[in-house]
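All remarks here apply to the structure that follows.
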Amino acid sequence: MTLRFLTAGESHGPELMVIVEGMPARVPIFLEEIDRDLARRQLGYGRGARSTKIERDHAEVVAGVVAGRTTGAPIGVRIVNRDFANQPAEPEPLTTPRPGHADLMGRVKYGLEDFRLVRERASARETAARCVAGAIAKHLLRPFGARVASFVVSVGPVEASIGTGPDWPGVLGEADLEALARRAEDDPLRCPDPFASERMRAEVDGARAAGETLGGVFCVVACGVPPGLGSYVMWDRKLDGRLAQALCSIHAIKGVQIGRAFRLAQLRGTEAQDPIVLDRGEVVRTSNHAGGLEAGVTNGQPIVILGAMKPLSSVRAPMSSVDFATGTPADPPYVRSDVCAVPAAAVVGEAMVAWILASAVVERFGADRLDIMLQAYRSVADAALPGAIGPVVEAEEIP
Ligand code: EPS
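Under this note's numbering, the first residue of the sequence shown is numbered 48, with each subsequent residue one higher.
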């Protein structure tokens, strides 16, 4: 059993589309929750007029869901681009590629001489469609007890101060991590530290004034994830690798860290592991340096994964490039863009992590129907070591 999704659509075309295939039947789908994730992705201090003022993303589910439940058929969803109506009939071709964007590679690969054609598909607008797939994945994860959330850790040089200091990914438990994500929900930069958020906003204002853009780091946490997802026996089934790929597939993401990986690299062996101890007959772990994954398999601890976003490549400030129409050095013409999209990337990160976890759930407990998947999950839970598996959610609403 496998789960997959495909997206189609151009940034300023009539609509984005997503097809989700492999979802079992009988999964309850809450349309307002899909729209809520779409709205969360659109927000964030530093986003431009397009996503905050023009678009009002709404998921129109056109296939695969009847009376609020999946039928097992492919799920088809449309998101209309309102900005399509504002497009000129004959736009000026763009002939100077922006360094860091897909422009030049679109010419190398597809021979597209008008870079507008490249950026239409390369645009991060596509991530709206991913959020739909991610929201549907969250619906499948919920009966298994798994939840996915996110928050922003840094914007440009400004870092949030989180929990107990820089080792927080390895020491904070589920409750603390989820509290951080809840606090971030009301912050304009999705940052749980209000003092850092204020400095981040000043940094965004400064970047905007200078015609610059900013990157940053976000954290996705997944709690209540069944242990045993993924595999240690084959490279392409290792879940840490798949999660890293999924996060790196998001526009402008250039790095991924599981737990506090780069800090662990500086420690000694005994300091970097999570001891296995018995507590009143239950197997428990006293830390989470591994970020919820050991040997490519979920271990029942919170999954903590960070994504590093480079500053966006559409800058107003001068950049060195070449005009392919004249063959002379030129500054790429500025095209309206965001100054900072780290809060949006965090929401897309949630979607991608939810997607990979849902795929792993389908691979491990897969059946054509959710109720049969849950039976498989319960039987595995019954056979597990006490404490070595999370609580089985009683999904009484699932027939
Ligand atoms: C994007 C450029 C901007 C962003 C867009 C991604 O769009 P425009 O060129 O129309 O101003 O706002 O993101 C969205 C519209 C969105 O919904 O995320 C780019 O070049 O990647």
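Ideal placement from N, C-alpha and C gives every residue a C-beta, glycine not left out.
Asked                                                                                                                                                                   : Found
What does the alpha-carbon distance come out to for the pair V65 and T333?                                                                                              : 41 Å
Spatial neighbours of E444 within its chain, please: C-beta separation below 6 Å, excluding the five flanking residues on both sides.                                   : In this prediction, E444 has a pLDDT of 47, which is less than 50 and means its spatial position is unreliable; nothing more can be read from the coordinates.
A72 by DSSP, collapsed to three states: which one?                                                                                                                      : strand
Quick one: any contact between the stretch 363-378 and the stretch 299-316, if contact means 3 or more CB pairs under 8 Å?                                              : no
Would you grab the beta carbon distance between T211 and V218 for me? Rounded to a whole angstrom, and I think it's under 8 Å.                                          : 6 Å
Name the DSSP bridge partner or partners of I305?                                                                                                                       : I352
Pop quiz: D321 and A72 are said to be a contact at Cβ under 8 Å. What is the actual Cβ separation, rounded to whole angstroms?                                          : With 8 Å as the limit, D321 and A72 do not qualify as a contact, their Cβ atoms being about 38 Å apart.
In chain order, which beta strand (DSSP E) runs of at least 3 residues are fully inside the stretch 49-100?                                                             : 51-55, 62-68
Give me the DSSP bridge partner(s) of R194.                                                                                                                             : C270
Assess contact between the stretch 223-231 and the stretch 352-360, defined as three or more Cβ pairs (one per stretch) separated by less than 8 Å. Is contact present? : no
What are the partner residues of I123, as DSSP defines its beta bridges?                                                                                                : Note that residue 123 is Gly in the sequence shown here, rather than Ile. DSSP output for G123 lists I66, A110 as bridge partner(s).
Going along the chain, which residues of its own chain have a beta-carbon closer than 6 Å to the beta-carbon of R237, five neighbours each way excluded?                : F198, V199, A231, P390, A393
Excluding the 5 residues preceding and the 5 following T49 in the sequence, name in chain order all residues of the same chain whose CB lies nearer than 6 Å to its CB. : G69
What's the C-alpha gap between T99 and R145?                                                                                                                            : 24 Å
Quick one: what's W377 bridged to in DSSP?                                                                                                                              : Before going further, note that residue 377 is Ala rather than Trp in the sequence given. Answer by DSSP bridge pairing, in chain order: S368.
Shortest alpha-carbon distance to G343 belongs to which of R172, T118, K285, L85?                                                                                       : K285
Return the first residue and the last residue of the alpha helix (DSSP H) that I323 is part of.                                                                         : Looking at the DSSP string, I323 is not in any alpha helix (DSSP H); the run it does join, the beta strand (DSSP E), is 323-326.
Assign V178 to one of three DSSP states: helix, strand, or coil.                                                                                                        : Per the sequence presented here, residue 178 reads as Cys, with Val not at that position. Three-state result, C178: helix.
Could you check where the alpha helix (DSSP H) with V382 kicks off and where it finishes?                                                                               : Note, V382: premise wrong, no alpha helix (DSSP H); not H, not E.
Could you compute how far the alpha carbon of V386 sits from the alpha carbon of A96?                                                                                   : 11 Å
Just checking my contact of A182 with A269 at CB under 8 Å: how many whole Å lie between their CB atoms?                                                                : So it is not a contact: roughly 15 Å between Cβ atoms.
Could you give the distance in angstroms between the alpha-carbon of N133 and the alpha-carbon of V108?                                                                 : 25 Å
So, does the stretch 102-119 touch the stretch 402-411, judging by three or more C-beta pairs under 8 Å?                                                                : no
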